[in-house]
Amino acid sequence: QGWLVESGGGLVQPGGSLRLSCTASGRISSIYYMRWYRQAPGNERAFVAGISMAGFTDYLDLVKGRFTISMDSANDTAYLQMNSLKSEDTAKYYCNVITASDNYWGQGTQVTVSP
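Numbering of the sequence shown is given in the working numbering, commencing with residue -9 and proceeding in unit increments.
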């Protein structure tokens, strides 16, 4: 069994920054990808950013140039640095980890961008 530990959400003003982290814990091994998704009330969960163990990254067009995903592979931790935040970035952010045999989801961390 394994689980994901997320942190870093909170309330920030427009234009501000936050950094989310996601650590794969327990018996999670052979990680292929670590990804972030987000879901705002009334909307479907949407892909935000992803990184492979080889370091390849991918982003939702709306966040390109503002968000950066990175990985500390030694500690099975992914980070999402979010800059120039906008009100439309307000959502619950979920970490997703794909391994050779499983697909894990975190509990989510709330990001609220408001004056």
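Idealized CB from N, CA, C, for every residue including glycine.
Treat the numbers as computed from the prediction; the structure is a model and nothing was measured.
- Proximity of the stretch 31 to 41 to the stretch 9 to 20 falls short of the contact definition, fewer than three beta-carbon pairs being nearer than 8 angstroms.
- Contact between the stretch 90 to 105 and the stretch 60 to 70 is not established, with fewer than three Cβ pairs separated by less than 8 angstroms.
- Residue burial annotation: G6 is exposed, with fewer than 16 other C-beta atoms found within 10 angstroms of its C-beta.
- Residue environment analysis places G0 among the exposed positions, since fewer than 16 neighbouring C-beta atoms fall within 10 angstroms of its C-beta.
- Excluding five sequence positions before and after V53, the CB atoms of its chain that fall closer than 8 angstroms to its own CB belong to V38, A39, M72 and D79, given in chain order.
- At a Cβ-Cβ threshold of 8 angstroms, R9 and Y83 do not count as neighbours.
- Looking only at G55, K76, I88 and G16, the smallest Cα-Cα distance to Q3 is reached by K76.
- The DSSP-derived three-state label of A64 is helix.
- For the stretch 9 to 78, the continuous beta strand (DSSP E) assignments of 3+ residues that do not extend past its boundaries occur at 21 to 29, 36 to 42, 47 to 49, 57 to 62 and 67 to 72, in sequence order.
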